[in-house]
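Residue numbers (the working numbering), protein chains in the order written: chain V, 128 to 493; chain X, 128 to 493. Glycine included, C-beta positions come from ideal geometry on N, C-alpha and C. All figures in this text were calculated on a predicted structure; none of them were measured in a lab. Heads up, the thing below is written out as structure tokens.
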DNA sequence: GTGAAAGCGCTAACAA
DNA sequence: TTGTTAGCGCTTTCAC
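Here it is as structure tokens:
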């Protein structure tokens, strides 16, 4: 790799000794369009247009080759900041979730990653809860043009209210795993159908007293799941018993506590539907600690599958939903919104909710 | 909020009807230094210096107030791209991991998030394995100045070799959860001590035939853990039996397979040390499927704690290491490297490795 | 104390 | 088919 002897190129990387120019170290050297252009004996404009595949550009084959070669020689890579400044687009999308360690979101994130990569976008990660204390950085990321759009997991906390206020109208957004109206896009899965599926499994097994380990808050997805539980019961002619509803949160610990509460009630169910897998895991361990055998004395079904479900004891029966696909689709909808400027709402139904029957559910045996 | 009637401000946000100017919508309007400066009747330079707290700047109190007020009125936020272009620093650090769903990395990421936020940096997420196919985006992120530095989980795959080649000398890097030499910084935990701790627990319980469910590859951390196993055994006068070493990988599934293999061997151990928590979880379920009772017939100890360990059946005994702190420290070391230009290596020993004894380990009862 | 001007690297419009 | 130019928004140096 040889450079023309040119003062412009002598950064910290070249050293002039007497009349000769010696290349000391290429590390840290970064070529610009101008340098590529000079090396190929063309103007920067052409280089830019060629490298960006401008369809209106007509170049002679040999010029094209010269440019390509020069870019390769100099290991050219466009400066993102300059590009972003010029084009007012950063090529980055933000991803704000509450709990990146929750396997459900882990799966959604993976899908988003995959699709973003495919579309040539980088992903920027933010922790919604970190905002409570450190709002400044998030604020900066949102209002500084660092991201072209945002994928958001909406919860029901103060932090969420803060985020919404901050981002609305500032940046195109798609809300993950939920339904919204109006100016925020959204992707969800069919929570209601999933809930019905889980319930029909339990009902089909012969259960009548089915508890619901739900998630607090008034988010559409929580409400949809609860309604699935309620409607199924009603359709089966089972009267709704409010004492069968307990908050299970979205961690194993909170699920454990919720299940413990439920087991302490006078009217014990013979089965439980946990609206969150992790809560389901906690329910399993609560049963064990209370000496309640699963599935003999208590069936447990969780919403959303995850790798460890198969390695629990007993293996957890779940309804599997297309989380990865949802993440991927979220990116697509955001990209579409960049183009047409309108928000999109979609429920991912492909693949359809799947009942994964494992060991934690069976016919009632008491 | 009123704007001076000024053509520069009439973007898509203001509409001129006849002689009057009406504010239609502020959404999407973004103020620049120039606009703030004009509103405060000063020059852009001062605004910049004031807002960036230039210590050499001396302004009259009332000018300061005017500028601050103007910035507030216009809801000014500096444009990240312009800033990055001018300063050659993006304020972003990259994070490249293999498996963001692995609870171990989840914890490290959380620590990095926390510290990055504190230091005013945003975090960019990349999936190392996505590179195998989609290297282009990663390449762009690395060589385009989008990130000031990179936190990297190093594995032992082709993708890793690719990443190393691409990033070395291009961007300051700190390798996570391992030790390196030379021009890459690194943070690790005391894998050897952790391994010794797990083994002394098992040895202290009276076990002599202790299997090792390891991780393939020649990474320092894997080697350190294996040596901890070996040295402990040796120190206790137990001859090293190669058939006691099986690959358990880093997923529950691979751990399941590894443990199944181990159980099929003629010489069955009475205890197993899994160098990876998830492998430990798989080991538990393999034992169950083979009808081996834990801990009565087989003790299982995992390396690294995670929330679900407490909700398994039996609850998994583990050695807990300061993962969150490691993630946070990684960011600090990277920042330090930005300043002094030299790579740092550190082993996080605070808090010290902790033996968390739960239900999967006991004295040998066979 | 404050203003003016240059320029980071890029792309897009217009000239030639 | 290719070159020239302007300017995105910011920081920084130098002049007043």
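Proximity of residue 272(V) to chain X, defined by a Cβ-Cβ separation below 9 Å, is satisfied. Annotated as proximal: residue 355(V) and residue 318(V), with beta-carbon spacing under 9 Å. Scanning chain V for C-beta atoms nearer than 9 Å to the C-beta of residue 267(X) yields 204, 205, 207, 218, 247, 249, reported in chain order.
The three-state secondary structure of residue 428(X), taken from DSSP, is strand.
Of all residues in the segment 413 to 438 of chain V, only 415, 434, 435, 437, 438 place a beta-carbon less than 8 Å from a beta-carbon of chain X.
When only Cα atoms are considered, residue 411(V) and residue 427(V) end up about 7 Å apart.
When rounded, the separation of the alpha-carbon atoms in residue 226(X) and residue 204(X) is 35 Å. Considering only 337(V), 382(V), 462(V), 342(V), the residue with the shortest C-alpha distance to residue 282(V) is 342(V). Each of 206(X), 367(X), 415(X) was checked against the Cα of residue 266(V), and the nearest Cα belongs to 206(X). According to DSSP, residue 473(V) shares a beta bridge with 314(V). Look at residue 244(X) here: in three-state DSSP terms it is helix.
A direct Cα-to-Cα measurement between residue 478(X) and residue 292(V) gives close to 39 Å. At a cut-off of 9 Å between beta carbons, residue 452(X) makes no contact with chain V.
Listed in chain order, the non-local C-beta contacts of residue 449(V) below 7 Å within the same chain comprise 316, 475, 477, 478, local neighbours out to five positions each way being set aside. Contact annotation: residue 413(V) and residue 386(V) have beta-carbon atoms nearer than 9 Å. With contact defined as three or more Cβ pairs closer than 8 Å, the segment 362 to 381 of chain X and the segment 208 to 216 of chain X are not in contact. Per DSSP, the continuous beta strand (DSSP E) segment holding residue 337(V) begins and ends at 337 to 341. Residue 390(V) and residue 417(V) have their C-alpha atoms roughly 8 Å apart.
For residue 488(V), there are no C-beta contacts with chain X under 9 Å, since the nearest C-beta of that chain is about 16 Å from it. Secondary structure note for residue 193(V): its alpha helix (DSSP H) is the uninterrupted segment 188 to 200. Looking at the backbone, the Cα of residue 484(V) and that of residue 361(V) are separated by about 23 Å. Here residue 254(X) carries a strand assignment [DSSP, helix/strand/coil]. Beta bridge pairing from DSSP links residue 249(V) with 219(V). For residue 461(V), the closest C-alpha among the options 222(V), 180(V), 166(V), 211(V) is that of 222(V).
With the rule of 3 Cβ pairs closer than 8 Å, the segment 191 to 205 of chain X counts as touching the segment 163 to 178 of chain X. A contact is defined here as three or more CB-CB pairs under 8 Å, and the segment 292 to 312 of chain X fails this definition with respect to the segment 323 to 339 of chain X. A distance below 9 Å separates the beta carbons of residue 404(V) and residue 231(V). Residue 208(V) is a Cβ neighbour of residue 209(X), given a cutoff of 9 Å. Scanning its chain for C-beta atoms nearer than 6 Å, with the 5 sequence neighbours on each side dropped, one finds around residue 445(V) the residues 429, 432, 436, 483, in chain order. Here DSSP, grouped into helix, strand and coil, assigns residue 400(V) to strand. Residue 280(V) carries a strand assignment under DSSP once its states are collapsed to helix, strand and coil.
Residue 458(X) sits away from residue 269(X), with the two beta carbons spaced by 9 Å or more. Nearest in C-alpha terms to residue 467(V), of all of 398(V), 312(V), 350(V), 358(V), is 312(V).
In the DSSP assignment, residue 224(X) is bridged to 254(X). For residue 297(X), no alpha helix (DSSP H) segment is defined, and its DSSP state is neither H nor E. Look at residue 373(X) here: in three-state DSSP terms it is strand.
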